[in-house]
Amino acid sequence: MKLYSPLRDALWLASVALVVLNKVWIKPHSSGAFWHNSLTDTLCLPVWMPVCVWTFARLKLRDSSPPRPLEIAVCLLFWSVVFEVVLPGTTVFGRFGAGDPLDVLAYASGGFFGWLWWEHLKQRQVKAMS
Amino acid sequence: MSETKRLTIRLALSVVFGLCVMMVPLWLIVGNVPYINSSQVTTRGWMKRLDRELQSFRVQHGQYPATLEDLGLGWGLKDVWNHPFLYSVADGKPLVKSLGRDGVRGGVGLDADFSNQNPRPPESAVPLWQKVTHPITLRMDVVALVCGVIVGLMFFQDLSKQSFERKTWPALGFSFPVTFLLAAFGALVITSAHIPSGH
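Protein chains in written order, with our numbering: chain A, 28 to 157; chain B, 1361 to 1559.
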């Protein structure tokens, strides 16, 4: 069975491409609130979860499978608290934005689609093994 | 362990974790809606202006008016919630009173009574349940609920592989701190790499 790597994950590749595209082309040419406020938050989990689990797999702290639902859920909770409650209250990071409940919804939406995709990846791996 | 007990534990843990996630948007909602008492603030402002008008009337006529209509202002007869102000003169001082959002005596938060003589009684502080159930925040409550449900479902699915037998506790005890460590690692990476550059 091939080990999980973000570079072989279509969702990760598409998310990173979309983030880059948004930063260099869509944002400067569009005034839509979604592109400016919500896209990076929606893609936060699909972009960063694979990087985190791959790093942890390399450090032998977890197996080399796609992100598990529990990991997505814990990251969603932890990152929501850190990025929406704790950091906006600090002087250093407060200037980058304020806590917004809609950001949490954006993280959850990204996590939800990530969850569906990574479960699909796991099932494909299991099928390939059998 | 019986299947029913396993299912109950899965459900309970999923609900608890889902509620934890729900708390984040709710915390933000409660912390970021100081304008929820704007109707009270506006009514207090009107009372203050009425008080000044009543003092002027007294200077001009030697006594306070019998009714607020006697001021002839064309405004100031009703509060923000469109309930008439109660007006009386007691101990030589005018009393202009609002019965709050519900228009009946008593109540707490937005429903509390307040007057020009006591504009901020302790019971007029908006309690948590009024903030969460206020029409302004209802949309955000749905957001919180959706987030909680999504995470609850993820948790529920992940726990399907857990037997919750005593022998699996050490493995669980190891996986939870590692998962939190992973989340903390992610937060650190995102904070240093992503937030300053493109958030």
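Every residue, glycine too, gets a C-beta built ideally from N, C-alpha and C.
In chain order, what residues of the same chain have a beta carbon less than 6 Å from the beta carbon of residue i, not counting five sequence neighbours either side?
i: W144 (chain A); result: L38
i: H1559 (chain B); result: Annotation note: pLDDT 48 at H1559 (chain B) (below 50); position unreliable, coordinate value reported separately. The answer is none, since no qualifying residue turns up.
i: L30 (chain A); result: S91
i: P96 (chain A); result: W142
i: G1469 (chain B); result: V1486, P1487, Q1490
Beta-carbon within less than 7 Å of residue i's beta-carbon, same chain only, minus the 5 sequence neighbours each way: which residues are those?
i: V1511 (chain B); result: F1377, G1378, V1381
i: G137 (chain A); result: T69, L70, C71, L72, P73
i: S42 (chain A); result: L70, P73, V74
i: A1544 (chain B); result: none
i: W1566 (chain B); result: Nothing in the structure corresponds to residue 1566 (chain B), since chain B is present only between 1361 and 1559.
List, in order along the chain, the chain B residues whose C-beta lies closer than 7 Å to that of residue i?
i: F139 (chain A); result: I1510
i: I99 (chain A); result: M1514
i: P33 (chain A); result: Those do not exist, as P33 (chain A) stays about 13 Å from chain B at its closest Cβ, beyond 7 Å.
i: R89 (chain A); result: V1538
Could you tell me which chain A residues have their CB closer than 9 Å to the CB of residue i, listed as they occur along the chain?
i: A1450 (chain B); result: Neighbours of A1450 (chain B) on chain A: none; closest Cβ ~46 Å, over 9 Å.
i: A1372 (chain B); result: The premise fails here: A1372 (chain B) is roughly 15 Å from chain A at the closest Cβ pair, so nothing lies under 9 Å.
Less than 8 Å between C-beta atoms, sequence neighbours within five positions excluded: which residues of the same chain meet that for residue i?
i: G141 (chain A); result: L38, L72, P73, M76, P94, I99
i: V1449 (chain B); result: Y1424, L1455
Checking the sheet assignment: what are the DSSP bridge partners for residue i?
i: A1450 (chain B); result: B:K1453
i: S1475 (chain B); result: B:K1457
i: K1438 (chain B); result: B:P1444
Using a C-beta to C-beta distance shorter than 8 Å, which residues of chain B count as neighbours of residue i?
i: A135 (chain A); result: V1381, V1506, C1507, I1510, V1511
i: R151 (chain A); result: Those do not exist, as R151 (chain A) stays about 17 Å from chain B at its closest Cβ, beyond 8 Å.
Quick check on this structure: which residue in the options has the alpha carbon closest to the alpha carbon of residue i?
i: I1550 (chain B); options: A:S65, A:C79, A:V51, A:L66; result: A:C79
i: S193 (chain A); options: A:V46, A:L48, A:V51, A:F83; result: Residue 193 (chain A) lies beyond the stretch modelled for chain A, which goes from 28 to 157, so this question has no answer here.
i: K1438 (chain B); options: B:V1449, B:Q1420, B:S1399, B:L1373; result: B:S1399
i: P1341 (chain B); options: B:T1528, B:R1412, B:S1552; result: What the structure shows of chain B is the stretch from 1361 to 1559, and residue 1341 (chain B) is not part of that stretch, so it cannot be assessed.
i: T1402 (chain B); options: B:Q1420, B:N1476, B:F1540; result: B:N1476
i: V1506 (chain B); options: A:V153, A:I53, A:R151, A:F139; result: A:F139
i: V46 (chain A); options: A:S65, A:A125, A:F120, A:K149; result: A:S65
i: V1410 (chain B); options: B:F1445, B:V1384, B:S1552; result: One point to set straight first is that residue 1410 (chain B) is Leu, not Val, in the sequence displayed. Selected option, being the one with the closest Cα: B:F1445.
i: H1494 (chain B); options: B:V1509, B:P1482, B:D1471; result: B:D1471
i: W81 (chain A); options: B:A1553, B:G1422, B:T1539; result: B:T1539
i: S1416 (chain B); options: B:G1460, B:L1431, B:G1405, B:R1404; result: B:L1431
Could you list which residues in chain B have their beta carbon closer than 9 Å to that of residue i, in chain order?
i: V80 (chain A); result: L1542
i: V131 (chain A); result: V1381, V1384, P1385, L1388, V1503, A1504, C1507
i: R83 (chain A); result: Per the sequence shown, residue 83 (chain A) should be read as Phe rather than Arg. By Cβ distance, chain B contributes V1538, L1541, L1542, F1545.
I want to verify the contact list: residues of chain A whose CB lies under 8 Å from the CB of residue i, in sequence order.
i: I1550 (chain B); result: C71, W75, W106, F110
i: A1426 (chain B); result: By Cβ distance, chain A contributes nothing, its closest Cβ being about 50 Å from A1426 (chain B), past 8 Å.
i: F1377 (chain B); result: A100, L104
>> Does the structure place the stretch 1514 to 1528 of chain B close enough to the stretch 1365 to 1372 of chain B that three or more beta carbon pairs sit under 8 Å?
In response: yes
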